[in-house]
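Report on the structure given below.
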Amino acid sequence: MPTGRRKSHTYTPDVVDDIHYKAAIGRPRIRGYGALGMPLAFTDLTFLPANLSRLVIDSYREPCFTDVKLGRRFARRPLELSIPIMVAGMGYGSISKPARMAIAKATAALETAYCTGEGGMIPNEREMAHKLIYQIGPGHLGVNIKDIKKADAIELLLDTANHGIGRYLYAEKLIPEVAEVWGVPPEIDFYAPATHMDFDDPESLALKVEELREATDWEIPIGIKVGGRMDEMINIALACDIDLIMIDGIQAGTPAGPDVVVENVGLPTLAALSQAIMTLRKLGKEEDVDVVVMGGIREGGDIAKCLALGARAVSIGTAALVAMGCQSCMLCPTGRCPAGITTHDPELAARFNVDQAAENLTNFLTALTAEVQMVARSCGKTRVQNLEPEDMRSLSILTSATTRVALAGSNKIY
Numbered sequence: 022m023p024t025g026r027r028k029s030h031t032y033t034p035d036v037v038d039d040i041h042y043k044a045a046i047g048r049p050r051i052r053g054y055g056a057l058g059m060p061l062a063f064t065d066l067t068f069l070p071a072n073l074s075r076l077v078i079d080s081y082r083e084p085c086f087t088d089v090k091l092g093r094r095f096a097r098r099p100l101e102l103s104i105p106i107m108v109a110g111m112g113y114g115s116i117s118k119p120a121r122m123a124i125a126k127a128t129a130a131l132e133t134a135y136c137t138g139e140g141g142m143i144p145n146e147r148e149m150a151h152k153l154i155y156q157i158g159p160g161h162l163g164v165n166i167k168d169i170k171k172a173d174a175i176e177l178l179l180d181t182a183n184h185g186i187g188r189y190l191y192a193e194k195l196i197p198e199v200a201e202v203w204g205v206p207p208e209i210d211f212y213a214p215a216t217h218m219d220f221d222d223p224e225s226l227a228l229k230v231e232e233l234r235e236a237t238d239w240e241i242p243i244g245i246k247v248g249g250r251m252d253e254m255i256n257i258a259l260a261c262d263i264d265l266i267m268i269d270g271i272q273a274g275t276p277a278g279p280d281v282v283v284e285n286v287g288l289p290t291l292a293a294l295s296q297a298i299m300t301l302r303k304l305g306k307e308e309d310v311d312v313v314v315m316g317g318i319r320e321g322g323d324i325a326k327c328l329a330l331g332a333r334a335v336s337i338g339t340a341a342l343v344a345m346g347c348q349s350c351m352l353c354p355t356g357r358c359p360a361g362i363t364t365h366d367p368e369l370a371a372r373f374n375v376d377q378a379a380e381n382l383t384n385f386l387t388a389l390t391a392e393v394q395m396v397a398r399s400c401g402k403t404r405v406q407n408l409e410p411e412d413m414r415s416l417s418i419l420t421s422a423t424t425r426v427a428l429a430g431s432n433k434i435y
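Numbering (my numbering), first residue to last: 22 to 435.
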């Protein structure tokens, strides 16, 4: 007999499942990963191939350079990378020590950088890494001046995928080894604050930046990581003498965040990047402050589009975990990761092979770099950073209005 049931675009199976979940437990859903549904996507941009107006670059005739220097504004020793692709901050505790070791080995193999994430350095990490960005989060977990002095850059975490609500780590993941690095009691449900205790306005942020400059003898770049209100944050960054702006789009992953915040708070990566670059251009400061973007970047085409819009480099997080074996089960907060990446359970962690994961991530980064070079060459560019908005067309009015890239078929900017 017909049931009369019809497909609903409002109450999809995922929505019904979410309602049942909340009805059963009486609290918001906590999960890993970033926003799953975004109308503003990298696929809404496409590149225009070169022709007689600009010749395509043949790979066997001319190289296409990928090296980049970041943090040139004030730092005596800018961050020099062989490729414009880094691995984003994923703190110890959120991911396991073996996973961090695999990231260190892979990024060292390609002479690029990765970020410690909140939680500080772990033993022997500095020796394994090629370039290491030290993140200082609101909770100051694991932060100490000795490790800061060993870093190649500093990232002050102001906003992230858990926009404005702090960071969670369940007791199952706060094992004694992690607690020792963090400087907190072990095996408790832990919440790190959303705001820094030692600065709370632009003036005190400027003092914090000056303090870090003096502590590192003005040697290394200092950046801030932000995810919203880009026009305001750009002005604050310039006033505080920041070298780098790290943009965290809403698609950026989180190890443990409320689904309602992950999906509804933050800016799409393309929107945040475009607004940041437009603000810098309006102020005539685009060449002074380097922009690094992250959030939902999966393949070389995404990276090429970010570079064309004005980013100097990108960072990948979730994609790096997938390359190392992540199965996208979103069990990150529980400590029951079947791939052994976001767990400290000995039985599950035994499934993770450091050398194999490092090789896989190295291969993935190599492939991404080759893909970006292919796109750049097809646009007639001998350096990937020479890609520009004029090399692209938007496939929707929304994307054109957001990125200021002309609409395909009309060449009109909305």
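Think of the CB as a built atom: it goes at the ideal place given N, C-alpha and C, for glycine as much as any other residue.
Asked	Found
Please tell me whether K171 and M218 are closer than 9 Å, where the distance is taken between their beta carbons.	no
Would you tell me roughly how many angstroms separate the C-alpha atoms of V375 and A422, rounded to the nearest one?	44 Å
Any idea if L66 is buried or exposed, counting beta-carbon neighbours within 10 angstroms, 16 or more meaning buried?	buried
Run through DSSP, which three-state label would M251 get?	helix
Bridge partners of A174, per DSSP?	I154
With DSSP as the reference, label M149 as helix, strand or coil.	helix
Is the segment 157-171 in contact with the segment 133-149, if contact means three or more CB pairs nearer than 8 Å?	yes
Under a three-way DSSP split, which group does V89 fall into?	strand
Going by C-alpha to C-alpha distance, which of A397, L416, D412, A134 sits closest to P84?	A397
Just to confirm, are I271 and A56 a CB contact at a threshold of 9 Å?	yes
From which residue to which residue does the beta strand (DSSP E) around A360 run?	Note, A360: premise wrong, no beta strand (DSSP E); not H, not E.
Between G47, L419, F68, A45, which lies nearest to I324 when the distance is taken from Cα to Cα?	F68
Do the segment 270-290 and the segment 43-52 make contact, defined as three or more Cβ pairs closer than 8 Å?	yes
Can you give me the Cβ contacts of M236 inside the same chain, cut-off strictly under 8 Å, excluding the 5 residues immediately before and after it?	The sequence as given places Ala at residue 236; Met does not occur at that position. I166, I169, K170, listed in sequence order.
For the beta strand (DSSP E) containing L100, name the first residue and the last one.	100-102
Looking only at DSSP bridge pairs, what is D269 linked to?	M315
Looking only at C-alpha atoms, which of A96, R319, P289 sits nearest to V393?	R319
Which class does L67 belong to by DSSP, given the choice of helix, strand or coil?	According to the sequence as given, residue 67 is Thr; it is not Leu. Correct three-state label for T67: strand.
What's the gap between the Cα of S114 and the Cα of V230?	In the sequence under discussion, the amino acid at residue 114 is Gly, which differs from the Ser named in the question. Between G114 and V230, the C-alpha separation is close to 27 Å.
Which residue comes first and which comes last in the beta strand (DSSP E) that contains C350?	It is not in any beta strand (DSSP E) - C350 carries neither H nor E in the DSSP assignment.
When the Cα of R333 is compared with those of A260, E307, E201, which residue comes out closest?	E307
Excluding sequence positions up to five away, which residues of its chain have a Cβ less than 7 Å from the Cβ of D437?	For residue 437 there is no data in the structure shown, the boundaries of the chain being 22 and 435.
Here's the rule I'm using: 16 or more other beta-carbon atoms within 10 Å means buried, otherwise exposed. How should L328 be labelled?	buried
Determine contact between the segment 375-389 and the segment 122-130, defined as no fewer than three beta-carbon pairs at a distance below 8 Å.	yes
Quick check: the Cα distance between G92 and M267, rounded to an integer number of angstroms?	11 Å
With DSSP as the reference, label R302 as helix, strand or coil.	helix
Taking I337 as part of the beta strand (DSSP E), name the residues at either end of that continuous run.	334-337
Could you name the residues of the same chain whose beta carbon sits closer than 8 Å to that of V343, not counting the 5 residues immediately before and after it, in chain order?	S349
Output the distance between the C-alpha atoms of Y135 and S117, rounded to the nearest integer angstrom.	15 Å
Can you grab the Cα-Cα spacing for the pair S74 / H161, in whole Å?	53 Å
Could you give the distance in angstroms between the alpha-carbon of L233 and the alpha-carbon of D39?	44 Å
Mind checking who V108 pairs with in its DSSP beta bridge?	Y135, I337
If distances are taken between C-alpha atoms only, which option among T31, R27, G163, Y54 comes closest to E284?	Y54
Determine the contact status of T133 and M107, defining contact as a CB-CB distance below 9 Å.	yes
Given a cut-off of 9 Å on the beta-carbon distance, is the pair G248 and G287 in contact?	yes
Tell me the rounded alpha-carbon separation between E240 and K90.	14 Å
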